[in-house]
Amino acid sequence: MKLFKRVTATVLAALMLAMSLAGCSGEEKEEPEEPKNLITVSKSVMSGDSYGDTKLYALKDLTTSSPNGKIEAKFWQGEDGGIYYSVESDGDEVIGASKLGLTLSSCDFSAGIETITAYDRADEIEDEYETALTVSLDDVSCLDHCMEREIFLKKGSASMTVEVRLYDDGFAYRYADVDGGSGNGTVYVLEEKSDINLPEGTTTFAGGYSATYEFDYIERSYDELVNHGGVFNTPLTAYTGEKWMLFSESDAFAGEVNYVKSVLETQSGSASLGWKFGFDRDPANEVTDDLASPGHIRINEVATDNLFTTPWRVAIIADDLDTLANSSVIDSLCPPMDEELFKSTDWIQPGKVSWSWWSGGDQSNYDVQVDHVDFSAENGWEYCCLDAGWPAFEDRIKELCDYAKDKDVGIILWVNYLHLKTPEEIEELFSQWHEWGVVGVKTDYFESDDIDVLEVMKNCAEIGAKYELMIYYHGCINPCGETRTYPNIMSSEAVLGEEFRKWSTSPTPENCLMYPFTRNIVGSMDYTPSCIAITKTGESAGFSIAKSIVYESALQHFASSAYAFPYFLGLPLISRMPTAWDESVMIDGYPGDYVTYMRRSGEDYYIGAMTLEARTETVSLDFLPDGEFTAYIYYDDENRELALMEQTVTNADELTLDMPDIGGAAVLITQGDYDTSVEEAPNAKLEGYTYYECEDGTLSGAASVSDGMMCSGGKKVGYVGNGSFNSVTHTVTVDEAGEYELLVYYCTGEERGINIVVNDTDRYEMTGLSGAGFDMPSTASITISLNAGENTIKLTRNSGYAPDLDMIAVSDEPV
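Here the sequence shown stands for residues -24 to -1, 1 to 791, numbered as in mature numbering (1 follows the signal peptide of the UniProt record, and there is no 0).
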């Protein structure tokens, strides 16, 4: 993982000394920079522009352009005394006249501004830093290059600074040193008046409101946005027809935390997107259970310290989606990391994480976690996460950490926000976990935009750094660039992810195709892809595995079980790919419709493609160096199952990917060795047997069909037993009477049994059946007597439940 690089004071002193000596030796000195002058900004004649019914006057002295002149911001003062701005890209207006300002209990900065001052020219900022996030530069460095202007506003005894930055791919501003004019102490912000006015005809892609930032992104036309009226969590993506934009925030808690996280809000009849206070945990509906969500209420005022500073309001502005997706503006606006806090960063390493919660649920089984550690070690995965429930064997965590460390696997522990409310609580837990050998912490259930909860997120990052613990957040706000300040922040949830498919079909495939253009642009996204197709979602196998390439997360959790992955054709691909990239290019796409990404790691190239409707993607391979490469193409066969083919390619070739509805493909292109072999699945069909899918049998009582990820046909039958009337019955035919072998393919995460009734007379019992979870089939056999011709085989459990049933098989010949 490559981190931020700074020129230290020692280096600067050496440079200054060298320059001084050069001057003494007679060499030509560089001319000193001309000092800036503070000027009072005056209004020009009326410009003819307006904000609603408010006439605007241009403040021409404040016009500021990005370093290459592509983006330009203009400023205005309205006849109401308020300050307004607009933004152009290549001379085209992308943000119409929009309002600036805050309303405090002691002063309204949205109108009646008496004095406007600024320096007569903008400052240029140019700083290089490195990050684990994907970027499109070969050296994986990001350039914080912008023009910055400070606009000083005064009204009576109150004052504030509007800090503005113009990047070649973005525009940002924030309110700094806000002085309410009533002396030091607490000030009350009653409302923010800042807004964004989009050009007519703009299409937007945004969700609604969720305390956990988990929602469906919806495409809306300009008219639909105007008529909508509602609250949107950030980010919000917009397309003018010529330019792509993404609106979000930066520095929610990287610097001092003295303002809330905000939402965007529209009023029906207006296309104006207003920055408004977000939501907080409702004290009247607070919870104490680790797995319960609190109620939520709107924040109606912000009580904060005088001289506070808000987060940045950010607009990424791009000609194309690749530029939008690879922008580093949001990260660049955050402070650089504290080198005293991060004296060493060797302990911060991206990687793949095995995780048993999604596939197994109950985390209290120590042996299951050992199995997942073993799986990570065997497949080159770096970590194993213990989710909610691990305290059941808390006294053995150090033992597990020691065991995992011997196998080069790190242990990550889950914790609820309820146990992290104070620095002292965090200190106590993190110091203990560090002593045990834990390497990372998955924090959860923050569910608030308010200052006190943002402070907890900051404390987790800072105290985590003290104890060399990597951090990632769940149940939280979307990323706001804090990973530049705290490189131990590896990822965040803030997405309707695979987790929900444990109990529903959400997110929709369309929503999954929104994330690369919205949520994942603002930072690492812990979507937790299963990679193995989940039948009930309608997604193909190719669509599912492509997420591992298309979705970026420095810590990439994979939802499927360590018991299922060894038999998955795509496992070698997942195990080979990194989770932080040297290069990333969005080749093609449109939000909600399709996307194709190329990502590079060293000399390996990966392509991930996903589509909602059937399409053929033709990818030029001109990004490859000279020479021959092998392309390993994982694609959807005619049954929508995963298939693999190999193809020799060069940089003169094009790769054609044919994808079905809700289909996709994942490709590795390499000159290196690559072993594609996987283990044979335990429910692989054997010769000499006739197979019967349980979902095709006759079901009675409560027995019902459900999805089984690793089951034959993706289906299984559950709720069998707990009374003999809940059953599955098959009719089988054999040529002659005799003793036959019956194979039962079942799924269970606990010990269960099956009662078998043949031809309503002969009764058999299978007991002590254990397995690797309710999605991973195991096999048991028993000998039964069958008549020549048709026979019925009924599977049930007289007392207690039987395992879930995948299929049965009967030997073709008597045994």
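C-beta: ideal position from N, C-alpha, C; glycine also.
* Ordered along the chain, which non-local residues of its own chain (more than five positions away) have a Cβ less than 7 Å from that of residue 679? -> 693, 695, 696, 702, 703, 704
* Collapsed DSSP secondary structure at residue 733 in the structure displayed -> strand
* Asked: What residues are listed by DSSP as bridge partners for residue 533?
  -> 329
* **Spatially closest choice to residue 780 from 197, 669, 366, by CA coordinates** => With distances taken between Cα atoms, residue 780 lies closest to 669.
* **Residue nearest to residue 457 in terms of C-alpha spacing, selected from 231, 741, 524, 658** => 231
* With C-beta atoms as the reference, is residue 501 less than 8 Å away from residue 529? -> It is a contact, given that the beta carbons lie within the stated cut-off.
* DSSP beta-bridge partners for residue 206? -> Beta-bridge analysis with DSSP links residue 206 to 242.
* To do: Going by CA-CA distance only, name the one from 329, 368, 369 that's closest to residue 351.
  => The option with the nearest alpha carbon to residue 351 is 329.
* Grouping DSSP H, G and I as helix and E and B as strand, with all else coil, what is residue 472? -> coil
* Cβ pair count under 8 Å reaching 3, the segment 515 to 526 against the segment 602 to 616 -> yes
* Expressed to the nearest angstrom, what Euclidean distance is found between the alpha-carbon atoms of residue 4 and residue 10? -> With a pLDDT of only 47 at residue 4, under 50, the local geometry of the prediction cannot be trusted, and the value read off the model is given with reservation. Residue 4 and residue 10: Cα-Cα distance of roughly 18 Å.
* Could you spell out the range, first to last residue, of the beta strand (DSSP E) harbouring residue 412? => Residue 412: not part of any beta strand (DSSP E); member of the alpha helix (DSSP H) spanning 399 to 412, first to last residue.
* Asked: Skipping 5 residues on each side, what residues in its chain have a beta carbon closer than 8 Å to that of residue 671?
  -> 681, 689, 691, 692, 693
* Anticipated Cβ contact below 8 Å, residue 280 with residue 163, distance rounded -> Cβ-Cβ separation between residue 280 and residue 163: approximately 6 Å, consistent with a contact (criterion under 8 Å).
* Asked: Considering residue 805, what are the terminal residues of the alpha helix (DSSP H) in which it resides?
  -> Absent from the model: residue 805. The displayed extent of the chain is -24 to 791, so no value can be given.
* What first and last residue would you give for the alpha helix (DSSP H) that runs through residue 723? -> No alpha helix (DSSP H) contains residue 723, which is instead part of the beta strand (DSSP E) from 714 to 724.
* Asked: residue 638 by DSSP, collapsed to three states: which one?
  -> coil
* Taking the Cβ atom as the reference point for each residue, do residue 412 and residue 377 lie within a distance shorter than 8 Å? -> Judged by beta-carbon spacing, residue 377 lies within the 8 Å limit of residue 412, meaning their Cβ atoms are closer than that value.
* Asked: Sorted by chain position, which residues of the same chain lie with C-beta nearer than 6 Å to residue 165's C-beta, five sequence neighbours on each side aside?
  -> 78, 80, 278
* For residue 287, which residues of its own chain have a beta-carbon under 8 Å away from its beta-carbon, when the five flanking residues on both sides are left out? -> 150, 225, 226, 227, 228, 235, 237, 238, 456
* Asked: DSSP state of residue 665, grouped into three classes?
  -> Residue 665 carries a strand assignment under DSSP once its states are collapsed to helix, strand and coil.
* Residues in its own chain within less than 8 Å of residue 431 by CB, not counting five upstream and five downstream? -> Result list for residue 431: 229, 233, in chain order.
* Please classify residue 752: does DSSP put it in a helix, a strand, or coil? => strand
* To do: May I ask you to report which of helix, strand or coil DSSP gives residue 319?
  => coil
* Are there three or more Cβ pairs, one per stretch, closer than 8 Å when the segment 745 to 761 is compared with the segment 635 to 643? -> no
* Neighbourhood of residue 207 by C-beta distance below 8 Å, restricted to the same chain and skipping five residues each side -> 184, 185, 239, 240, 241, 252
* Cα-Cα separation, residue 109 to residue 676 -> Unreliable placement is indicated for residue 109, whose pLDDT of 46 sits below 50; no coordinate value is reported for it.
* To do: Note down the Cα distance separating residue 410 from residue 427, rounded to an integer number of angstroms.
  => 27 Å
* To the nearest angstrom, report how far apart residue 364 and residue 160 are at their CA atoms. => Going by the C-alpha atoms only, they are around 44 Å apart.
* How many Å lie between residue 390 and residue 84 at the Cα? -> 44 Å
* Does the segment 89 to 108 come within contact of the segment 292 to 300, defined as at least 3 CB pairs closer than 8 Å? -> no
* To do: Out of 487, 126, 69, state which residue places its alpha-carbon closest to the alpha-carbon of residue 16.
  => Comparing Cα positions, the closest option is 126.
* Output the distance between the C-alpha atoms of residue 476 and residue 667, rounded to the nearest integer angstrom. => 33 Å
* Asked: What number of angstroms, rounded off, separates the C-alpha of residue 146 from the C-alpha of residue 292?
  -> Computed Cα separation, rounded: 4 Å.
* Have a look at residue 45 and residue 141 and give me their C-alpha separation to the nearest angstrom. => One alpha carbon belongs to residue 45, the other to residue 141, and they sit about 13 Å apart.
* Who does residue 562 pair with in a DSSP beta bridge? -> 573
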